[in-house]
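Student: Taken in sequence, the protein lines are chains A and B.
Counted from 1, the first sequence has number 215 at position 99 by our numbering; the numbering is strictly sequential.
Counted from 1, the second sequence has number 84 at position 82 by our numbering; the numbering is strictly sequential.
Here it is: the structure, laid out below.
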Amino acid sequence: AQSVTQLDSQVPVFEEAPVELRCNYSSSVSVYLFWYVQYPNQGLQLLLKYLSGSTLVKGINGFEAEFNKSQTSFHLRKPSVHISDTAEYFCAVSERAAGNKLTFGGGTRVLVKP
Amino acid sequence: GAVVSQHPSWVICKSGTSVKIECRSLDFQATTMFWYRQFPKQSLMLMATSNEGSKATYEQGVEKDKFLINHASLTLSTLTVTSAHPEDSSFYICSAFRRTSGSNEQFFGPGTRLTVL
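Right under this line is the structure:
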């Protein structure tokens, strides 16, 4: 079984400042890794995913994440945030050989201040 | 492409009644759909995997007789909360799995907020 830990439950950040959201996972097998964003009262939207290949993954809205196998991490970054980036962010993993079930982290609430 | 809808978007019901929530993949066929539950300020918890033409697979601790799942077609899965009680109040989110040659991905619906009085 796998687990996902998002180390920060809330991250306040000023507009145009950089932000990093931390995600660590635990699994005994190879995994796929995902970051989703959820706006209030809405479903989830995929920001980016790591399946294989380059460990630096670029996603939508200027976000990127880096897969670090030795540290079992998949941290999300954005160099300059906007007010519209205020949302909840979820890191998720799925085991490669176990179908497509996702295990989510606890979420990180990003509040962008003007 | 890859749009998933849910209906209704919100519902309020009396304790003891049953509520049906629909999840549709609008522009692709999905042999597998997933149902999640999300409490306020918490993460998504997988409730069950819905497979077209077969019985759903429930996660540990989820009562299959309380949360009835039907996946009758390649574009529709329904979740029925039977004899709902206030503790069933939550945000229910479905996702539809699309398998392509390039990548496999779950596409999420907008969610249904259930309030049981």
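The C-beta atom is built at its ideal place from N, Cα and C for all residues, glycine as well.
Contact criterion: CB-CB distance below 8 angstroms. Does A:N140 meet it with respect to chain B?
Tutor: With 8 angstroms as the cut-off, A:N140 does not count as an interface residue toward chain B.
Student: Are the CB atoms of A:F183 and A:T171 nearer to each other than 8 angstroms?
Tutor: Contact: yes.
Student: Where B:S7 and A:I176 are concerned, what is the direct C-alpha to C-alpha distance, given to the nearest angstrom?
Tutor: Cα-Cα distance, rounded: 22 angstroms.
Student: Could you spell out the range, first to last residue, of the beta strand (DSSP E) harbouring B:A4?
Tutor: Premise fails: B:A4 is in no beta strand (DSSP E) and is neither H nor E.
Student: Looking at A:Y148: is its Cβ nearer than 8 angstroms to the Cβ of A:R225?
Tutor: Going by C-beta atoms, A:Y148 is not nearer than 8 angstroms to A:R225.
Student: Should A:A133 be labelled buried (16 or more other beta-carbon atoms within 10 Å of its own) or exposed?
Tutor: So A:A133 ends up on the exposed side.
Student: Helix, strand or coil for A:P134? Go by DSSP, reduced to three states.
Tutor: Note: A:P134 maps to coil in three-state DSSP.
Student: Below 9 angstroms between beta carbons is the criterion; list the residues of the region 70-99 of chain B that meet it against any residue of chain A, in chain order.
Tutor: Correct list: F93, I95, C96, S97, F99.
Student: When the cut-off is 8 angstroms and only beta carbons count, does A:F206 lie next to chain B?
Tutor: At least one chain B Cβ lies under 8 angstroms of A:F206.
Student: Am I right that B:L81 and B:Y94 are in contact with their C-beta atoms under 8 angstroms? What's the rounded C-beta distance?
Tutor: Yes, they are in contact, since the Cβ atoms of B:L81 and B:Y94 sit about 6 angstroms apart, within 8 angstroms.
Student: Does B:E107 come within less than 8 angstroms of chain A when only Cβ atoms are used?
Tutor: Yes, contact with chain A.
Student: For B:E65, which three-state DSSP category applies?
Tutor: Coil.
Student: Suppose contacts are defined by Cβ-Cβ distances below 8 angstroms. Is B:T51 in contact with A:K217 by that definition?
Tutor: The answer is yes: Cβ separation under 8 angstroms.
Student: State yes or no: is the beta carbon of B:L28 nearer than 8 angstroms to at least one beta carbon in chain A?
Tutor: No, B:L28 does not count as interfacial toward chain A.
Student: So, helix, strand or coil for B:N72, using DSSP?
Tutor: Here B:N72 sits in strand by DSSP.
Student: For A:F190, would you say it is in contact with chain B, using Cβ-to-Cβ distances shorter than 8 angstroms as the test?
Tutor: No, A:F190 does not count as interfacial toward chain B.
Student: Which residues, taken in chain order from the region 32-48 of chain B, show a beta carbon closer than 9 angstroms to some beta carbon of chain A?
Tutor: Going along the region 32-48 of chain B in chain order, one finds T34, F36, Y38, Q40, K43, Q44, S45, L46, M47, L48 with a Cβ nearer than 9 angstroms to chain A.
Student: How about A:H198 and A:E136: do their beta carbons lie closer than 8 angstroms?
Tutor: Result no, Cβ atoms of A:H198 and A:E136 do not sit closer than 8 angstroms.
Student: Going by C-alpha to C-alpha distance, which of B:G18, B:K43, B:S91, B:L78 sits closest to B:T34?
Tutor: When each option's Cα is compared against that of B:T34, the closest is B:L78.
Student: For A:F179 and B:G18, what's the separation of their Cα atoms in angstroms?
Tutor: Whole-angstrom Cα-Cα distance: 45 angstroms.
Student: May I ask you to report which of helix, strand or coil DSSP gives A:N157?
Tutor: It is coil, neither helix nor strand.
Student: Which same chain residues, not among the five before or five after A:R193, have their C-beta less than 6 angstroms away from its C-beta?
Tutor: So the list reads E136, E180, once near-sequence residues are dropped.
Student: By Cβ distance, which residues of its chain are closer than 6 angstroms to B:I71, with the 5 residues on each side in sequence left out?
Tutor: Cβ within range, chain order: A50, S52, A58, L81.
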